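The numbering of the sequence shown is UniProt numbering, which starts it at 1 and goes up by one.
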Amino acid sequence: MARRRRPFFRRKRQEGEEYPARPPRKRIQIAKMKQGIFILPSLLTLTSIFFSFYSIINSIKEQFVVAAALILVAGFFDGIDGKVARLTNTTTKFGLELDSLADVISFGVAPAILMYMWALSPTAQIGWVTAFLFVSCGALRLARFNVQSGTIDSKKFNGLPIPAAAVMLSTTVLFFHKLEIEPEQFRLALLILTLVLSFLMVSAIKFHAFKEFTLVKENPFMSTVAFVLLLALIAVAPFVVPFILISGYVISGPIMTLIWVLKRKQQAQEQTDAPQETQVPVEQPR
């Protein structure tokens with residue numbers, strides 16, 4: 001049987017002194033694992049920044065299709081970093097601030113430069129001012145979201161989310177490329193689209209947040225089938241289907257808000273038109 005080797009240097013224990021208790025090995029492993037989990041959401045956010053920065057480089061090189069696709073990839077990593085943080089219970093204030101800064105770069109600066117280099121640069125001053133308005137409105141939208149977080153209805157977004165606005169611009173570039181449409185033919189329309197998206201981000205128009213999928217819970221089988229069909233459609237026409245989906249989402253906000261306003265007006269009208277109950281005076285006995 002092999003003898004246990006003693007350490008070369010061994011400190012002498014003083015009288016009355018007790019050696020500190022050694023933590024169990026499982027606790028050390030759990031602590032190391034938690035440190036790794038805390039780092040993981042931040043790494044995903046930094047990956048989103050990396051792809052958006054690479055998109056800016058490709059926009060400068062006039063490789064617009066690659067730049068638009070990279071913004072979509074950045075959106076994917078931005079979407080999963082928050083989900084990973086919530087699932088692992090590692091949501092921190094540092095992560096929230098980093099995520100907001102990443103959104104300004106990924107969905108504000110990158111799509112604005114893409115749209116300017118792709119379609120708005122011939123309009124000179126009007127083009128870069130429009131791109132600047134998009135970045136500014138996106139930053140204001142993020143700041144308002146951080147301030148109002150926890151005080152408004154979580155089922156609805158107050159204003160168009162900046163990732164949706166960025167995806168709208170990116171899929172527009174891909175859609176035009178698929179149909180071989182030159183942006184010069186629709187320069188004014190693209191300018192108006194960028195301005196409308198900027199306005200929608202800072203507006204009070206409500207957009208669905210898709211945080212509670214009641215339909216999925218009630219009918220999971222049909223929801224799974226619909227999801228598979230949607231993936232099949234995207235695989236068949238990857239440059240067209242995402243453009244149609246995000247266009248529908250952008251249009252749904254004003255339509256949903258208009259329906260909500262009309263319902264409130266109708267309820268208020270019904271309350272005013274309702275006959276008030278007349279109280280008959282009761283004769284008091286003499």
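We put the CB at the ideal spot given by N, CA and C, even for glycine. All values reported here derive from a predicted model rather than from experimental measurement.
Between residue i and chain B, is any beta-carbon pair separated by less than 8 Å?
i, result
"D103", "Looking for chain B here will not work: only one protein chain is present."
I need the straight-line Cα distance from residue i to residue j, nearest angstrom please.
i, j, result
"L133", "A139", "10 Å"
"T257", "I205", "6 Å"
"A110", "F51", "10 Å"
"F107", "S136", "11 Å"
"L262", "S170", "33 Å"
"I57", "W260", "43 Å"
"P183", "A131", "16 Å"
"G127", "I255", "29 Å"
"Q266", "V250", "25 Å"
"T278", "R264", "Residue placement at T278 cannot be trusted, given a pLDDT of 49 that sits under 50; the coordinates are not used to answer."
"F227", "T272", "45 Å"
"P220", "L96", "32 Å"
"P122", "A189", "14 Å"
"N158", "V65", "31 Å"
"V73", "L195", "24 Å"
"V129", "N89", "41 Å"
"residue 287", "F77", "Residue coverage of the chain in this structure runs from 1 to 286, which leaves residue 287 outside it and unanswerable."
"F145", "G75", "18 Å"
"L98", "L87", "18 Å"
"G248", "S149", "25 Å"
"A268", "S203", "24 Å"
"T47", "S223", "31 Å"
"L231", "F53", "28 Å"
"T172", "G79", "20 Å"
"F199", "T151", "23 Å"
"Q185", "L229", "34 Å"
"E270", "T91", "46 Å"
Among the options, which residue has its Cα nearest to the Cα of residue i?
i, options, result
"M201", "L229, I39, A165, I192", "A165"
"F207", "F227, G253, K178", "G253"
"K93", "I259, Y249, S42", "S42"
"I244", "F176, S203, S100, A209", "F176"
"A112", "E97, S55, A209, N146", "S55"
"V84", "S121, T45, I49, E62", "T45"
"S100", "N89, M117, V147, Q63", "V147"
"Q63", "L174, A235, L229, A74", "L174"
"Y116", "T91, L191, D78, F76", "L191"
So, are the CB atoms of residue i and residue j less than 8 Å apart?
i, j, result
"L160", "L193", "no"
"L114", "I162", "no"
"I105", "I181", "no"
"A124", "R187", "no"
"I234", "V225", "no"
Would you please state the rounded distance, in angstroms, between the beta carbons of residue i and residue j? I believe it to be under 8 Å.
i, j, result
"F239", "K156", "Their Cβ separation, rounded to whole angstroms, is 30 Å, which puts F239 and K156 out of contact at 8 Å."
"A67", "S59", "4 Å"
"S154", "A237", "Incorrect: roughly 33 Å between the Cβ atoms, too far for contact."
"V167", "I246", "5 Å"
"D81", "L142", "The pair is not a contact, with the Cβ atoms about 15 Å apart (cut-off 8 Å)."
Look up residue i in the DSSP assignment and give the residues it is bridged to.
i, result
"F207", "F157"
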